[in-house]
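> Would you mind keeping the following structure in view while I ask a few things?
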Amino acid sequence: AYSDIVTSNVNTETYLQKTEAGGLAYNYSPSAFVITPFKNAEAFSSPWLKLIKDINFSPIPSNLSFRADLRRSFVMTQLYNDELTIEGIDPYYERLFTFNRTYAMRWNPIKNLNLDYSAAANAVIDEEDSVIQGDINTRAEKDFIWEQIKDLGRMKNFRQDINATFRVPLDKIPLTDWLSTDLKYSVGYNWVAGSLNQTDSADNFFGHTISNRRDRGVAGKVDMVKLYNKVDFLKQINAPPRRTSGSEPKTFSPGKSFLRLLMSLRSITANYNVRESTTLSGFVITPFLMGMDSSWNAPGWNFILGGQDAGIRHEAASNGWLSRSPVLTSPFQQTFSTDIDVRAAIDPAPDFKISLDAKRTNTANFQEIFRYDPALDTFSSLTPARSGSYNISFISIKTAFGQNRDDNTSLTYEKFSENIDVIHERLQGVNQNGEFNRLSQDVLIPSFLAAYSGQEADQSSLSPFPTIPVPNWRLDYTGLSKIPGLSDLFSSVSVTHAYRSAFNVNNYTNSLKYSNNITLNNNILDYPEATIIDPQTGFLVPVYIINQVSIAEQFSPLMGINIRTKKNLSTRIEYRKERNLSLNMSNAQITEVSNNDVTLDFGLTKEDFKLPFKIQGRTVALENDVTIRVAMTIRDSETIQRKLEGENTVTNGNTNFQLRPSFTYKLNDQLDLTMYFERSVTDPKISSFRTATTAFGTQLRFGLAQ
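4 is the number of the first residue of the sequence shown in my numbering; add one for each residue after it.
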């Protein structure tokens with residue numbers, strides 16, 4: 004393809020743009036070719052030999068594709084001077100000649116294994132400075148271009164991704180067909196070119212940047228119902244009760260009901276994911292094929308395939324792969340994160356469902372300046388830094404209903420204060436390197452966790468990072484509407500309760516006094532022992548500095564009831580309770596924010612409701628649906644600042660009342676008329692001014708959907 008644009012205006016004598024492009028694409032998708040050597044073998048017809056019978060493999064990829072694009076653009080801009088001539092004004096030139104390539108492959112070596120490979124290379128073709136008007140005319144200019152095309156251009160960016168997923172064939176074995184497991188492995192590599200002519204004062208090239216990533220995941224499910232059903236008698240109990248026309252469903256005997264209760268656990272699902280990445284700056288090697296250089300040494304297959312060894316920087320330095328500039332400031336970086344999510348479904352009865360959910364998230368980052376030191380004639384690590392965050396599901400329900408006294412004190416906070424001395428004494432017997440400050444984070448955090456989880460401080464963990472996630476839960480019961488007497492009045496009645504609590508370390512960083520053993524291969528859950536004493540205070544300095552930890556607890560709702568009658572009257576009643584606790588290490592204060600909500604929502608839908616309208620002097624009565632709703636919410640919120648020394652004070656809070664009635668009449672299939680009223684009254688606990696807002700009006704809504 005070729006195009007050119009030539010324009011001029013009062014400011015521009017000539018604007019010339021030339022674009023040339025060409026491409027080549029190849030795609031190969033053969034017919035499926037799967038070899039199943041034992042598919043028709045009668046010797047393997049037994050279910051116990053299904054794993055062998057289903058052996059299969061495909062010797063060729065299912066898809067191969069390649070695309071190469073050459074694109075050359077040239078722009079020349081000649082501006083006028085203030086006398087509308089070009090004297091003294093040199094033209095501006097813009098040249099860009101790109102050579103972009105993409106590669107892809109999909110392959111299923113066996114049915115349960117999927118492999119994907121994709122790569123993209125972005126290169127530029129440099130031109131001689133003699134190419135002024137955008138035309139390549141001389142033999143030397145053409146030879147210069149062709150030599151670069153043969154060398155695939157000057158690489159600017161290279162990206163490569165490899166993904167593999169595998170389903171473990173547990174379903175092929177009768178003993179394990181109630182289990183399922185999926186494995187995921189994904190790696191990526193990226194090379195980004197540095198500035199071509201950017202060097203330091205000693206003419207040292209700053210180099211390029213390489214990075215990789217590795218994602219690993221395991222997803223599993225335990226189907227307990229399928230396991231129970233391997234016993235015929237239990238399978239009959241799990242089967243839905245048969246119901247003949249005009250008769251009530253068959254009920255179980257007490258013995259069968261007890262067995263059904265023992266089979267309450269219906270399924271367990273678990274997901275575990277690990278994500279890692281490494282970035283290395285100052286890399287002076289250019290990729291040749293699949294990210295490797297022409298000698299197939301740098302940066303090494305381990306790094307190309309997602310290896311996360313922090314020693315790659317030392318290996319690169321010893322092999323001469325890194326820039327020797329002593330002023331390089333781009334850091335060596337690594338990231339690491341893990342996610343654990345375990346869920347369980349428990350059905351003690353057909354209409355009673357319990358959901359359990361346990362989670363843990365751990366995120367960590369490491370970086371340092373790694374560069375050449377001419378004074379030592381070697382590469383040195385400067386300012387290593389480790390940071391991260393941590394979140395885990397937690398249980399603090401034992402202290403959720405503790406009441407504040409009139410002076411804003413609480414038994415739980417007093418327990419926290421008592422725990423400090425207990426934890427401080429326990430640490431003295433564990434760490435022989437010195438003594439912790441009484442208000443050190445290594446004392447405060449275990450005291451905080453023990454107090455608000457309802458544990459005894461002399462038996463609780465001393466680590467600021469709880470390791471085992473405790474499940475939160477949700478309960479739903481919908482069987483009340485099936486009780487004789489209630490079933491004649493209500494079409495549905497549901498009762499809901501949910502509890503969530505999480506412990507969170509918002510951010511942690513390593514102390515500047517520690518520079519060893521802080522790389523990401525040191526797990527934060529193996530909380531390191533403090534070994535350095537601050538000469539100014541005489542107390543031990545923690546390896547990691549934590550500024551704040553928090554507990555977020557929610558009953559959402561503590562109790563919720565949804566009712567719908569046979570006459571289309573709906574009622575929703577909910578009581579929600581929330582508590583957020585933040586422990587600040589700088590002043591050993593706890594900020595407690597609590598919220599309590601009560602919501603009542605009533606609704607009534609009346610069909611064929613007659614509503615008279617007067618149109619042109621005559622009365623017209625429409626018979627359409629009308630919906631009346633009344634929503635009311637009472638919310639009480641309070642923020643208390645708790646101090647070890649001094650009074651506990653209320654720093655914020657209010658009581659809020661909201662009333663929202665509305666009336667909606669359906670004029671036709673597309674037109675609704677709504678009249679509403681909203682009243683909100685807020686009574687603050689700190690300032691003396693009550694505020695109230697009122698809103699009312701009418702809405703006419705027209706729907707375009709048929």
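All C-beta atoms, glycine included, are put in the ideal place defined by N, C-alpha and C.
Remember, predicted model here, so these are calculated numbers, not experimental data.
Please say whether GLN336 and THR386 have beta carbons closer to each other than 9 Å?
Working through the sequence shown from its first residue, we reach residue 386 at position 383. Working through the sequence shown from its first residue, we reach residue 336 at position 333. No. Outside cutoff.
> Helix, strand or coil for ALA146, going by three-state DSSP, please let me know.
Working through the sequence shown from its first residue, we reach residue 146 at position 143. Sequence inspection shows Asp at residue 146; the Ala mentioned does not correspond to that position. DSSP places ASP146 in helix when its eight states are reduced to three.
> What are the start and end residues of the alpha helix (DSSP H) that includes ILE423?
Taking the sequence shown and counting its residues from 1, one reaches residue 423 at position 420. 414-433 is the span of the alpha helix (DSSP H), which, as asked, contains ILE423.
> Short of 6 Å in beta carbon distance, which residues of its chain neighbour ILE288, apart from the five on each side in sequence? Order them along the chain.
Here residue 288 refers to the residue found at position 285 of the sequence shown. These residues qualify, in order along the chain: ASP296, ALA301, TRP324.
> Taking just the CA atoms, how far does ASN513 sit from GLY220?
Here residue 220 refers to the residue found at position 217 when the sequence shown is read from its first residue. Here residue 513 refers to the residue found at position 510 when the sequence shown is read from its first residue. About 28 Å.
> Which of helix, strand or coil does DSSP assign to TYR455?
For the purposes of this step, residue 455 is identified with residue 452 of the sequence shown, where counting begins at 1. In the structure shown, TYR455 sits in a helix (DSSP, three-state: H, G or I).
> Excluding the five sequence neighbours on either side, which residues of its own chain have a C-beta within less than 6 Å of the C-beta of GLU713, listed in chain order?
Because the chain in this structure spans residues 4 to 709, residue 713 falls outside the shown range and cannot be described.
> Let me check understanding here. Comparing Cα to Cα, which of TRP110, THR685, ARG567 lies closest to ARG693?
Along the sequence shown, one-based indexing puts residue 693 at 690. Closest option to ARG693, Cα to Cα, is THR685.
> Assuming contact is defined by CB atoms lying nearer than 9 Å, are TYR511 and GLY391 in contact in what I supplied?
Here residue 511 refers to the residue found at position 508 of the sequence shown. Here residue 391 refers to the residue found at position 388 of the sequence shown. Yes.
> To the nearest angstrom, report how far apart LYS609 and LEU674 are at their CA atoms.
Working through the sequence shown from its first residue, we reach residue 609 at position 606. Working through the sequence shown from its first residue, we reach residue 674 at position 671. Roughly 17 Å between the two C-alpha positions.
> Specify, as a first and last residue, the run of the alpha helix (DSSP H) that ASP235 falls within.
Reading the sequence shown from its first residue, position 232 is the one you call residue 235. Looking at the DSSP string, the run of the alpha helix (DSSP H) that includes ASP235 is 235-241.
> Return the chain-ordered list of same chain residues with a C-beta closer than 7 Å to the C-beta of ASN115, the five sequence neighbours on each side being excluded.
Translated into positions along the sequence shown, residue 115 becomes position 112. Closer than 7 Å at Cβ, skipping near neighbours: PHE169, ARG170, PRO172.
> Does the distance from the CB of ASN562 to the CB of TYR547 come in under 9 Å?
Along the sequence shown, read from residue 1 onward, the residue named residue 562 stands at position 559. Along the sequence shown, read from residue 1 onward, the residue named residue 547 stands at position 544. According to the sequence shown, residue 562 is Met rather than Asn. Cβ atoms of MET562 and TYR547: not closer than 9 Å.
> Between which two residues does the alpha helix (DSSP H) containing PHE60 stretch?
Numbered from 1 along the sequence shown, position 57 holds the residue referred to as residue 60. Neither: PHE60 is in no alpha helix (DSSP H) and is coded neither H nor E.
> Which whole-angstrom value is the C-beta distance of VAL225 and SER298, which I expect to be below 8 Å?
Position 222 of the sequence shown holds residue 225. Position 295 of the sequence shown holds residue 298. VAL225 to SER298, Cβ: 50 Å. No contact.
> Taking ILE423 and ARG441 to be in contact with their CB atoms under 8 Å, please state how far apart those CB atoms are, rounded to whole angstroms.
Here residue 423 corresponds to residue number 420 of the sequence shown, with the count starting at 1. Here residue 441 corresponds to residue number 438 of the sequence shown, with the count starting at 1. Yes, they are in contact, since the Cβ atoms of ILE423 and ARG441 sit about 6 Å apart, within 8 Å.
> Less than 9 Å separating the beta-carbons of PHE36 and LEU73?
Taking the first residue of the sequence shown as 1, we reach residue 36 at position 33. Taking the first residue of the sequence shown as 1, we reach residue 73 at position 70. Contact: no.
> Excluding the five sequence neighbours on either side, which residues of its own chain have a C-beta within less than 6 Å of the C-beta of GLU581, listed in chain order?
What you label residue 581 is simply residue 578 of the sequence shown in a count that begins at 1. Closer than 6 Å at the Cβ level, and outside the excluded window around GLU581, lie GLN557, ASN598.
> With DSSP collapsed to three states, give me the class of LYS42.
Residue 42 sits at position 39 when you count from the first residue of the sequence shown. Coil, per DSSP.
> Which of the three DSSP states, helix, strand or coil, is assigned to MET293?
Locating residue 293 in the sequence shown gives position 290, counting from the first residue. Correct three-state label for MET293: coil.
> Got a sec, what are the start and stop residues for the beta strand (DSSP E) TRP194 sits in?
What you label residue 194 is simply residue 191 of the sequence shown in a count that begins at 1. Looking at the DSSP string, the run of the beta strand (DSSP E) that includes TRP194 is 182-195.
> Could you check if GLY649 is buried or exposed, using at least 16 other CB atoms within 10 Å of its CB as the buried criterion?
For the purposes of this step, residue 649 is identified with residue 646 of the sequence shown, where counting begins at 1. Looking at its Cβ environment, which holds fewer than 16 other Cβ atoms inside 10 Å, GLY649 is exposed.
> If I'm right that ALA107 touches ARG162 with Cβ under 8 Å, what's the distance once you round it to whole angstroms?
Start at 1 with the first residue of the sequence shown, and residue 107 comes out as number 104. Start at 1 with the first residue of the sequence shown, and residue 162 comes out as number 159. In fact, because the Cβ distance is near 12 Å, the residues do not count as touching under 8 Å.
> Using the Cα positions of ALA222 and ILE343, report the straight-line distance between them to the nearest angstrom.
Position 219 of the sequence shown, counted from the start, is the residue given in the question as residue 222. Position 340 of the sequence shown, counted from the start, is the residue given in the question as residue 343. In a straight line, the C-alpha of ALA222 is about 10 Å away from that of ILE343.
> With which residues is ALA361 paired in a DSSP beta bridge?
The sequence position of residue 361 within the sequence shown is 358, counting from 1. Answer by DSSP bridge pairing, in chain order: VAL345.
> Under a CB-based cut-off of 9 Å, is LYS145 close to chain D?
Note that chain D does not occur in the displayed structure, where there is just one protein chain.
> For LEU68 and LEU118, I'd like the C-alpha separation in whole angstroms.
The sequence position of residue 68 within the sequence shown is 65, counting from 1. The sequence position of residue 118 within the sequence shown is 115, counting from 1. Looking at the sequence provided, one finds Ser at residue 68 rather than Leu. Between SER68 and LEU118, the C-alpha separation is close to 14 Å.
> By how many angstroms is the C-alpha of ARG104 removed from the C-alpha of MET293?
By one-based count along the sequence shown, residue 293 stands at place 290. By one-based count along the sequence shown, residue 104 stands at place 101. In a straight line, the C-alpha of MET293 is about 12 Å away from that of ARG104.
> Quick one: measure Cβ to Cβ for PRO33 and ILE58, integer angstroms, because I've assumed they're closer than 8 Å.
In the sequence shown, counting from the first residue as 1, residue 33 sits at position 30. In the sequence shown, counting from the first residue as 1, residue 58 sits at position 55. Not really, about 21 Å apart at Cβ, beyond 8 Å.
> From this set, THR654, LYS669, TYR679, which residue's C-alpha is nearest ARG663's C-alpha?
Within the sequence shown, numbered from 1, the residue matching residue 663 stands at position 660. Nearest C-alpha to ARG663: TYR679.
> So MET227 is in the alpha helix (DSSP H); what residue range does that whole segment cover?
Translated into positions along the sequence shown, residue 227 becomes position 224. Looking at the DSSP string, the run of the alpha helix (DSSP H) that includes MET227 is 227-231.
> So, with DSSP's three-state summary, where would you put VAL446?
Here residue 446 refers to the residue found at position 443 of the sequence shown. Here VAL446 sits in helix by DSSP.
> What first and last residue would you give for the beta strand (DSSP E) that runs through PHE666?
By one-based count along the sequence shown, residue 666 stands at place 663. Residues 652-669.
> For PHE439, which residues in the same chain have their Cβ closer than 7 Å to its Cβ, ignoring the five residues on either side in sequence?
Within the sequence shown, numbered from 1, the residue matching residue 439 stands at position 436. So the qualifying residues of the chain are HIS427, LEU430, ASP445, VAL446, PHE542, LEU543.
> My guess is that LEU331 and PHE209 are in contact by the Cβ rule of under 8 Å, so how many angstroms apart are they, rounded?
Here residue 331 corresponds to residue number 328 of the sequence shown, with the count starting at 1. Here residue 209 corresponds to residue number 206 of the sequence shown, with the count starting at 1. Sure, about 6 Å apart at Cβ, within 8 Å.
> From LYS669 to PRO243, what does the alpha carbon distance come to, in whole angstroms?
For the purposes of this step, residue 669 is taken as the residue at position 666 of the sequence shown. For the purposes of this step, residue 243 is taken as the residue at position 240 of the sequence shown. One C-alpha to the other measures close to 41 Å.
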